[in-house]
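> If you count by the working numbering, then the sequence shown holds residues 5 to 624, one letter each, in order. Note that CB positions come from ideal geometry on N, CA and C, so glycine has one too. Every value quoted in this text rests on a predicted model; they were computed, and no experiment measured them.
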Amino acid sequence: MQQQAYDVIVVGAGHAGCEAAHAAAQMGSSVLLITMNMQTIAQMSCNPAMGGVAKGQIVREIDALGGMSGLISDKTMIQFRMLNRSKGPAMWSPRCQSDRMRFAEEWRMVLEQNPKVDFWQDSVQQLLTKNNEVCGVITRMGIEFKARTVVLTNGTFLNGLIHIGEKHFGGGRMAEPMAQGLTEQLVQLGFESGRMKTGTPPRVDGRSLDYSAMEEQKGDENPSSFSYLTESPIQEQRSCWITHTNTKVHEVLRKGFDKSPMFAGRIKGLGPRYCPSVEDKINRFADKDSHQIFVEPEGWNTVEIYVNGFSTSLPEEIQFEAIRLIPGFEKAKLFRPGYAIEYDYFPPTQLLATLETKLITGLFFAGQINGTTGYEEAACQGLMAGINAHQKAQQLDPFTLSRSDAYIGVLIDDLINKGTDEPYRMFTSRAEFRTLLRQDNADERLTAKGYELGLATQKRMDKFQQKQQDVARLLDQIKTSKVKPDEMNAWLEQQGSSSLREGTPIVNLLKRSDLSFSTLLEHPLIKNIKDNYSQEVIEQAEIIIKYESYIEKERLMVDKMKTMEDLKIPETFDYDKIKTLSTESRIKLKSIRPQTIGQASRISGVSASDVSILLLFMGR
Numbered sequence: 005m006q007q008q009a010y011d012v013i014v015v016g017a018g019h020a021g022c023e024a025a026h027a028a029a030q031m032g033s034s035v036l037l038i039t040m041n042m043q044t045i046a047q048m049s050c051n052p053a054m055g056g057v058a059k060g061q062i063v064r065e066i067d068a069l070g071g072m073s074g075l076i077s078d079k080t081m082i083q084f085r086m087l088n089r090s091k092g093p094a095m096w097s098p099r100c101q102s103d104r105m106r107f108a109e110e111w112r113m114v115l116e117q118n119p120k121v122d123f124w125q126d127s128v129q130q131l132l133t134k135n136n137e138v139c140g141v142i143t144r145m146g147i148e149f150k151a152r153t154v155v156l157t158n159g160t161f162l163n164g165l166i167h168i169g170e171k172h173f174g175g176g177r178m179a180e181p182m183a184q185g186l187t188e189q190l191v192q193l194g195f196e197s198g199r200m201k202t203g204t205p206p207r208v209d210g211r212s213l214d215y216s217a218m219e220e221q222k223g224d225e226n227p228s229s230f231s232y233l234t235e236s237p238i239q240e241q242r243s244c245w246i247t248h249t250n251t252k253v254h255e256v257l258r259k260g261f262d263k264s265p266m267f268a269g270r271i272k273g274l275g276p277r278y279c280p281s282v283e284d285k286i287n288r289f290a291d292k293d294s295h296q297i298f299v300e301p302e303g304w305n306t307v308e309i310y311v312n313g314f315s316t317s318l319p320e321e322i323q324f325e326a327i328r329l330i331p332g333f334e335k336a337k338l339f340r341p342g343y344a345i346e347y348d349y350f351p352p353t354q355l356l357a358t359l360e361t362k363l364i365t366g367l368f369f370a371g372q373i374n375g376t377t378g379y380e381e382a383a384c385q386g387l388m389a390g391i392n393a394h395q396k397a398q399q400l401d402p403f404t405l406s407r408s409d410a411y412i413g414v415l416i417d418d419l420i421n422k423g424t425d426e427p428y429r430m431f432t433s434r435a436e437f438r439t440l441l442r443q444d445n446a447d448e449r450l451t452a453k454g455y456e457l458g459l460a461t462q463k464r465m466d467k468f469q470q471k472q473q474d475v476a477r478l479l480d481q482i483k484t485s486k487v488k489p490d491e492m493n494a495w496l497e498q499q500g501s502s503s504l505r506e507g508t509p510i511v512n513l514l515k516r517s518d519l520s521f522s523t524l525l526e527h528p529l530i531k532n533i534k535d536n537y538s539q540e541v542i543e544q545a546e547i548i549i550k551y552e553s554y555i556e557k558e559r560l561m562v563d564k565m566k567t568m569e570d571l572k573i574p575e576t577f578d579y580d581k582i583k584t585l586s587t588e589s590r591i592k593l594k595s596i597r598p599q600t601i602g603q604a605s606r607i608s609g610v611s612a613s614d615v616s617i618l619l620l621f622m623g624r
């Protein structure tokens, strides 16, 4: 039939599974990707979009390492926006609307074009293990596949239960069966499991909407891209639209509260705090008369519309009645109702920083199985799990990222040290070094690492090195090129900036808070720079100059943190012999078994005094 032994088996072909399979195969491992449905590879199960606040930074980091989410987003986007432009560059976050069908198609093509990737359409019901080491899987059809490593990226399918009003039935997505057997086996092997909940809004026919009653939301005038390899950003864009709920909508929704699976207690798992259902919003924020609704097209050649902000599991007749009271939706036709889904997850404190499980060697978890929510969070975990599954299979050193390396490092560090009892979503506020972890410099932070692994290509490395040379050349030029008062003062006064008293390097003008590089490039003496450098290079040079002191301050903080990270804790360290540790700290330390003092300091329940006691005990 096909080969029965692989270096890496990836279970599940969502965003995590696709990145895992691509990474491991690109690095040289033989990979088997097992999915329940070959037609839903890389399906955007919820909103048709990639990126956003902090999420956009993650996509750029995936791209810088050699992953595919950024390139595929660029190829299939229908709109691009850089969010938070009015704030500092640490907050700038790329986001795009995607063509849902083309996104999935491009991912499948990428995987099919890699000769190292094989496919099998089936569900996995059991792991093969021996002496606490994974050695393969058994599918629902009873077929055994052997492997050196296995990556589980099961999404919402593990014992998935769909809720619509008082109706509930098994499923991992609407019209797709749930996966059974794995949770029960993992629990028998000693893993702790829990339940989480997520939801999705109804989809409507865009031909039935009145867009004149809504506010248009266009893409950026000069759109950028996610991938550092993309040379031609999107030229044509589709608009999104904004409307609002109102008191009449809320009154209708409240009529269905007695049949709500969430309020009736039929749903046990916690849902995402920052993406609540519409019934949860009007219940928690009863003082608000309206909530924003984002009307998002699902692609170039479809009339299907995603109603962002109206996620719900209320009865379908309530959904239909309420949605038709939203301005612009008076004649709306539904394609399908919204629903909630409960599924099994495994608290991520059971993982190492490589995303390998502590209990079973060679077994990796990535994506929603770890309690996260979001395509981007899943994709970056899949990338890291795929890299480390390859490294493990080939007996190479593990690969990890620190909190100062990437948002990916922040996410994994949060998960394995703090765990989560609700769907984890990335925010810029979670990163203490976000001035260093900007979307514009992900290649500077990560491309060399990806290249050394064999994941980032030579083309990507060459392009990164050329950019670095261009930035260095531009910085040297603006530091050595001077302008005179008589050349600049009249123009500076027009810009509302103070006059010069003597000749000064261009860099000193750029440091002024009231002048941007784009403004300076309008001056006849300086505008020739625009012809010699790309917008990306100009933008990065400006950030380096304007935020130099902030960047240096964070680098000093990183150096201090690394001192703690370098202090290793022996794997067999006996915490019980330190009687002065708090009881909570001792329990947490014994459970998580941190590898360094730095990691120990970030575990919930371990206080600063507990860390000091550890340092003293270790002779520090």
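#1: Among 20, 90, 95, 22, whose alpha-carbon lies nearest the alpha-carbon of residue 441?
#2: How far does the alpha helix (DSSP H) with residue 327 in it extend, from its first residue to its last?
#3: Can you check which of these residues, 313, 24, 372, is closest to residue 299 by C-alpha distance?
#4: Measure the alpha-carbon distance for residue 401 versus residue 30 and round it to whole angstroms.
#5: With 16 as the cutoff for other CB atoms within 10 Å, does residue 570 come out buried or exposed?
#6: If you count every other CB in all the chains shown that lies within 10 Å of the CB of residue 395, and 16 or more means buried, which is it?
#7: May I ask you to report which of helix, strand or coil DSSP gives residue 310?
#8: Does residue 425 get closer than 8 Å to chain D when you measure Cβ to Cβ?
#9: Going by DSSP, what residues sit across from residue 179 in a beta bridge?
#10: Check for me: the beta strand (DSSP E) holding residue 53 runs from which residue to which?
#11: Could you round the C-beta distance between residue 113 and residue 100 to whole angstroms and report it? I think they count as a contact, below 8 Å.
#12: Under the rule that 16 or more other beta-carbon atoms within 10 Å means buried, what is residue 506, buried or exposed?
#13: What first and last residue would you give for the beta strand (DSSP E) that runs through residue 336?
#14: Taking the runs of the beta strand (DSSP E) that are 3 residues or longer, which of them lie wholly in the segment 54 to 89?
#15: Out of 499, 520, 481, 525, which one is the CA nearest neighbour of residue 3?
#16: Whole angstroms are fine: how far does the CA of residue 220 sit from the CA of residue 41?
#17: If we count the other Cβ atoms within 10 Å of its Cβ and call it buried at 16 or more, is residue 322 buried or exposed?
#18: Thinking residue 619 and residue 464 are a contact (beta carbons under 8 Å), I'd like their distance in whole angstroms, please.
#19: Once DSSP output is grouped into helix, strand and coil, what is the label at residue 521?
#20: Pull up the distance between the alpha-carbon of residue 352 and that of residue 340, whole angstroms please.
#21: Using the C-alpha atoms, what's the distance from residue 318 back to residue 255?
#22: Measuring straight from C-alpha to C-alpha, what distance separates residue 549 and residue 264?
#23: Give the range of the alpha helix (DSSP H) segment to which residue 15 is assigned.
#24: Count the other CB atoms within 10 Å of the CB of residue 239; is the residue buried (16 or more) or exposed (fewer)?
#25: Are the Cβ atoms of residue 69 and residue 453 separated by less than 8 Å?
#26: With a threshold of 16 other CB atoms inside 10 Å of the CB of residue 104, please say whether the residue is buried or exposed.
#27: Helix, strand or coil for residue 405 per DSSP?
#28: Can the beta-carbon of residue 163 be found less than 8 Å from the beta-carbon of residue 364?
#29: Buried or exposed for residue 200, going by 16 or more other Cβ atoms inside 10 Å?
#30: Rounded to the nearest angstrom, how far is the Cβ of residue 277 from that of residue 426, given a contact under 8 Å?
#31: Count Cβ pairs between the segment 427 to 434 and the segment 178 to 190 that sit closer than 8 Å; are there 3 or more?
#32: Pop quiz: residue 37 and residue 107 are said to be a contact at Cβ under 8 Å. What is the actual Cβ separation, rounded to whole angstroms?
#33: Taking one C-beta from the segment 148 to 157 and one from the segment 5 to 25 each time, how about it: are there three or more such pairs within less than 8 Å?
#34: Could you tell me whether the segment 210 to 217 touches the segment 319 to 338, using the rule of 3 or more Cβ pairs below 8 Å?
#35: Which residue marks the beginning of the beta strand (DSSP E) containing residue 153, and which one marks its end?
#36: Round the Cβ separation of residue 203 and residue 320 to the nearest angstrom and send it over; I've been treating them as touching at under 8 Å.
Here's the rundown:
#1: Measuring C-alpha to C-alpha distances from residue 441 to each of 20, 90, 95, 22 identifies 95 as the nearest.
#2: For residue 327, the enclosing alpha helix (DSSP H) covers residues 320 to 327.
#3: 313
#4: 17 Å
#5: exposed
#6: Counting the other CB atoms within 10 Å of its CB gives residue 395 a total of 16 or more, which places it among the buried residues.
#7: strand
#8: In summary, chain D is missing from the structure at hand, where a single protein chain is found.
#9: Per DSSP, none; premise fails for residue 179.
#10: 53 to 55
#11: The Cβ separation is near 19 Å, so there is no contact.
#12: exposed
#13: Premise fails: residue 336 is in no beta strand (DSSP E) and is neither H nor E.
#14: 81 to 87
#15: The chain is shown from 5 up to 624; residue 3 falls before or after that span and cannot be answered.
#16: 37 Å
#17: Label assigned to residue 322: buried.
#18: 41 Å between Cβ atoms; not a contact.
#19: helix
#20: Answer to the nearest angstrom: the Cα atoms are 34 Å apart.
#21: Residue 255 and residue 318 have their C-alpha atoms some 13 Å from each other.
#22: 54 Å
#23: That residue, residue 15, is in no alpha helix (DSSP H); its beta strand (DSSP E) goes 9 to 15.
#24: The residue in question, residue 239, is exposed, as its Cβ has fewer than 16 Cβ neighbours within 10 Å.
#25: yes
#26: When all chains shown are included, residue 104 counts as buried.
#27: Residue 405 falls in the coil class under three-state DSSP.
#28: no
#29: buried
#30: 6 Å
#31: no
#32: About 17 Å separates the two Cβ atoms, so there is no contact after all.
#33: yes
#34: yes
#35: 148 to 156
#36: In fact, because the Cβ distance is near 14 Å, the residues do not count as touching under 8 Å.
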